[in-house]
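Using my numbering, the first residue of the sequence shown is number 6, and each one after it goes up by one.
Using N, Cα and C, we set each Cβ at its ideal position, and we do this for glycine too.
Quick caveat: nothing in here was measured; it's all calculated off a predicted structure.
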Amino acid sequence: MGKAEHFNGLTPAEAERLALLLEEMGEAQHIIGKVLRHGYTSCSPFDAQGTINRVLLEKEVGDVMAALDLLYAANDLSASKTEESRQRKHKTVRRYLHHQPSGDNSSS
Ligand SMILES: [Mg+2]
């Protein structure tokens with residue numbers, strides 16, 4: 006390991022992509038908190054445009070997906086492995102949910 010190499014072995018580009026993903030996930034979490042406290046149709050009294058929380062969450066989830074796209078494009082993560090995990094989760098999560106409609110409504 007060279008002197009300039011970071012202990013985690015990440016290149017600056019890899020670290021930057023992860024930082025972006027982390028930030029966008031944090032922004033999505035922030036809006037999820039707003040939805041849980043105030044509802045989907047509420048908006049911040051400080052938002053002059055009156056953007057409701059649903060729209061804000063749609064934006065931030067899209068930002069997360071864009072950040073993931075960068076990781077996939079750079080082969081930091083495997084899109085197919087992620088998809089396998091997503092499908093597996095659809096099969097297993099329902100038994101732990103208490104308020105969702107029964108039946109398979111996965112997007113596959
Ligand atoms: Mg964002």
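>> Could you check whether the Cβ of Asp-68 sits closer than 8 Å to any heavy atom belonging to ligand 1?
In response: Along the sequence shown, read from residue 1 onward, the residue named residue 68 stands at position 63. Correct: Asp-68 has its Cβ closer than 8 Å to ligand 1.
> Do Glu-32 and Glu-65 have their C-beta atoms closer together than 9 Å?
Replying inline: Within the sequence shown, residue 32 is the residue found at index 27, counting from 1. Within the sequence shown, residue 65 is the residue found at index 60, counting from 1. With contacts defined as CB atoms closer than 9 Å, Glu-32 and Glu-65 qualify as a contacting pair.
> Out of curiosity, what's the CA-to-CA distance linking Ser-112 and Arg-59?
Replying inline: As a first step, residue 112 is located in the sequence shown; it is residue number 107 there, counting from the start. As a first step, residue 59 is located in the sequence shown; it is residue number 54 there, counting from the start. Reliability of the predicted coordinates at Ser-112 is poor, the pLDDT of 49 falling under 50, and no value is obtained from them.
> Below 8 Å, can you find three or more Cβ-Cβ pairs linking the stretch 17-30 to the stretch 67-82?
Replying inline: Touching, yes.
>> In chain order, what are the residue ranges of uninterrupted beta strand (DSSP E) at least 3 long that sit wholly in the stretch 25-94?
In response: As far as the stretch 25-94 is concerned, it has no whole beta strand (DSSP E) run of at least 3 residues.
> Excluding the five sequence neighbours on either side, which residues of its own chain have a C-beta within less than 6 Å of the C-beta of Lys-39, listed in chain order?
Replying inline: Here residue 39 corresponds to residue number 34 of the sequence shown, with the count starting at 1. Counting only Cβ-Cβ distances below 6 Å, and skipping sequence neighbours, we find Asn-58.
>> Tell me the rounded alpha-carbon separation between Ala-9 and Ala-18.
In response: Position 4 of the sequence shown, counted from the start, is the residue given in the question as residue 9. Position 13 of the sequence shown, counted from the start, is the residue given in the question as residue 18. Rounded to the nearest angstrom, the two C-alpha atoms are 14 Å apart.
> Going by alpha carbons, who is nearest to Asp-74 out of Lys-96, Thr-16, Arg-99, Glu-29?
Replying inline: Residue 74 sits at position 69 when you count from the first residue of the sequence shown. Here the closest residue by C-alpha is Glu-29.
> Between Gln-105 and Arg-99, which are expected to be in contact by the criterion C-beta below 8 Å, what is the C-beta distance as a whole number of angstroms?
Replying inline: The residue you call residue 105 lines up with position 100 of the sequence shown. The residue you call residue 99 lines up with position 94 of the sequence shown. Distance from Gln-105 to Arg-99 at the Cβ level is roughly 7 Å; contact confirmed, criterion being Cβ atoms closer than 8 Å.
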